[in-house]
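Chains as they are written, first to last, in the numbering used here: chain A, 2 to 316; chain B, 4 to 97.
Backbone N, C-alpha and C define an ideal beta-carbon position, used for all residues, glycine too.
Since the model is a prediction, treat every value here as computed from it, not as a measurement.
Since the structure comes first, as structure tokens, the remarks are kept for the end.
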Amino acid sequence: MVTHPDLQNQFDLQVAEDQRIEPKDWMPEPYRRTLVRQISQHAHSEIVGMLPEGNWITRAPSLRRKAVLLAKVQDEAGHGLYLYSAAETLGTSREQMIDDLHSGKAKYSSIFNYPTLSWADMGAIGWLVDGAAIMNQVPLCRTSYGPYARAMVRICKEESFHQRQGYEIMMTLAKGSEAQRAMAQDALNRWWWPVLMMFGPKDDESPNTALSMQWKIKRFTNDELRQKFVDATVPQAEYLGLSIPDPDLKWNETRGHYDFGSINWDEFWEVVKGNGPCNRQRLEARRKAHEEGAWVREAAAAYAKKRMTNSSNDE
Amino acid sequence: MDTQWPLWEVFIRSKQGLDHKHVGSLHAADAQMAMENARDVYTRRREGVSIWVVESKHIHASNPDEQEAFFDPADDKAYRHPTFYEVPDSLTHI
Ligand SMILES: [Fe+2]
Ligand SMILES: [Fe+2]
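As structure tokens, then:
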């Protein structure tokens, strides 16, 4: 495709002036492609992210916890929908996105390929996974593509409840019996490093970052967000009296930030490639839900069609 | 080929006295389902007192490529704004 210089200039100017790009505006093809990839990946993460927590709904320790977890998981379904809708404004279809997820072509956040082994994991996920998601998502409320930014505003309003209910679970366990404290510590031990990986590869190994920053799709780099998250989370762990499983973690007076140990990137890439503990199980659950729901979609469409014909016959 | 329900745009009045505002879109087989889905997705925390759903194909949008020409009839009509008119500073209520 030949790029029209005027259109390209107009686009660059709009981005430089922090004006939002809207669906019908001209945009460079790579910008559109990057957005479709990022937004659909984000949507898939919300949807697949329901699985590890959904796993505990029937086993929640009280009716209150059950209602809360159910509401949280329901919110995540909503987040997936807001994001799929935003991606659809770029000319891709829901069907295409779902197909790409199910075929393994599209990715979702690596964090959801870890298992939820105990109730404390519901606490750790809300506190840490949603906490990390918030770090990532708040700056996206100012991302350059209008529908994506608006979806993020909506999502961010709902996320804070997710994080707080998780922290509340952790507080309860941390103040509980020896066994409960051990459960909470074990959950923190297992989730800490995978959560740090959620921010993506290190800046010097993240080839798309520079362009995404230039287009103002991203507002902070992976490493910047990871650092913000560590700085925000350490005092929260201290309050719980739990220890973060990193011997190298310490406050750096000169930097004004916490230093932390190095991440096992081999593990990260293995999980991204599909070899994490639950990758197969997650995709299978999604495919199964989609296939077993096919008759419902067909029946609803047939019913809608029948009602249309009936009402036009009445006229 | 999978069944693809049509796309609907959702508009919500957040409280009495305000306009309906576009909040997003969703897929649904018919208007009733679109309405119920809109309620479940966009008003889980009482964000609305009224919902409109419109099938997306019924919305016609102005073309951003012709934005300049399309909206320029308003450009040379500064006299439509109150600030166009000079009145003495000493006067009030005008
Ligand atoms: Fe979410
Ligand atoms: Fe969440």
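Coil, strand or helix - residue i by DSSP
| i | result |
| --- | --- |
| B/R49 | coil |
| A/P6 | helix |
| A/G147 | helix |
| B/G20 | coil |
| B/E3 | As shown, chain B starts at 4 and ends at 97. That puts residue 3 of chain B outside it, with no answer to give. |
| A/I126 | helix |
| A/I48 | helix |
| A/V297 | helix |
| A/H80 | helix |
| A/I22 | strand |
| A/Y109 | coil |
| A/N265 | coil |
| B/N40 | helix |
| A/Y32 | helix |
| A/Y115 | coil |
| A/L284 | helix |
| B/M4 | Caution applies to B/M4, whose pLDDT of 49 falls short of 50 and renders its modelled position unreliable; the value that the coordinates give is listed next. B/M4 falls in the coil class under three-state DSSP. |
| A/S63 | coil |
Contact under 8 Å by Cβ, residue i with residue j
| i | j | result |
| --- | --- | --- |
| A/M198 | A/S111 | yes |
| A/V235 | A/Y259 | yes |
| A/G167 | A/G127 | yes |
| A/E89 | A/L70 | no |
| B/E50 | B/I15 | yes |
| A/I22 | A/S145 | yes |
| A/A302 | B/T6 | yes |
| A/Q186 | A/L243 | yes |
| A/R287 | A/V49 | yes |
| A/V16 | A/K217 | yes |
| A/V37 | A/T117 | no |
| B/M38 | B/I62 | no |
| B/V57 | B/W8 | no |
| A/G277 | A/N114 | yes |
| A/A107 | A/S41 | yes |
| A/T35 | A/N311 | no |
Residue i at chain A interface by Cβ criterion, 8 Å
| i | result |
| --- | --- |
| B/T6 | yes |
| B/M38 | no |
| B/R47 | yes |
| B/P91 | no |
| B/V52 | no |
| B/D75 | no |
| B/H23 | no |
| B/H30 | yes |
| B/P67 | yes |
| B/D33 | yes |
| B/E72 | Sequence check: residue 72 of chain B is Ala here, not Glu. No, no contact with chain A. |
| B/A41 | no |
| B/V44 | yes |
Rounded distance between the beta-carbons of residue j and residue i, thought under 8 Å
| i | j | result |
| --- | --- | --- |
| A/L189 | A/I245 | 7 Å |
| A/N265 | A/W193 | Contact doesn't hold; Cβ gap of about 12 Å is too wide. |
| A/R308 | B/D33 | 7 Å |
| A/H163 | A/D122 | Their Cβ separation, rounded to whole angstroms, is 14 Å, which puts A/H163 and A/D122 out of contact at 8 Å. |
| A/K25 | B/N66 | 7 Å |
| B/V44 | B/L29 | 6 Å |
| A/N223 | A/G257 | Not quite, the Cβ-Cβ distance comes to about 20 Å (not below 8 Å), so this is no contact. |
| A/Y109 | A/M98 | Not a contact, Cβ separation roughly 11 Å. |
| A/F230 | A/M136 | 5 Å |
| A/V196 | A/L129 | 5 Å |
| A/L241 | A/M184 | Their Cβ separation, rounded to whole angstroms, is 12 Å, which puts A/L241 and A/M184 out of contact at 8 Å. |
| A/E138 | A/E169 | Note that residue 138 of chain A is Gln in the sequence shown here, rather than Glu. The Cβ separation is near 21 Å, so there is no contact. |
| B/D68 | A/W27 | 7 Å |
| A/M51 | A/A87 | Contact flag wrong, Cβ pair sits at about 19 Å. |
| A/P29 | A/Q9 | 7 Å |
| A/R33 | A/L102 | Contact doesn't hold; Cβ gap of about 19 Å is too wide. |
Bridge partners - residue i, DSSP secondary structure assignment
| i | result |
| --- | --- |
| A/W252 | A/Y259 |
| B/F14 | B/H25 and B/W55 |
| B/H30 | B/L10 |
Chain B within 8 Å of residue i, Cβ atoms only
| i | result |
| --- | --- |
| A/K25 | yes |
| A/A286 | no |
| A/G79 | yes |
| A/E96 | yes |
| A/R65 | no |
| A/Y83 | yes |
| A/N10 | no |
| A/S46 | no |
| A/A301 | yes |
| A/S41 | no |
| A/Y304 | yes |
| A/S86 | yes |
| A/R298 | yes |
| A/R308 | yes |
Residue i CB to nearest heavy atom of ligand 4 below 7 Å
| i | result |
| --- | --- |
| A/H80 | Judged by which ligands are present, ligand 4 is missing from the structure shown, whose ligands are ligand 1 and ligand 2. |
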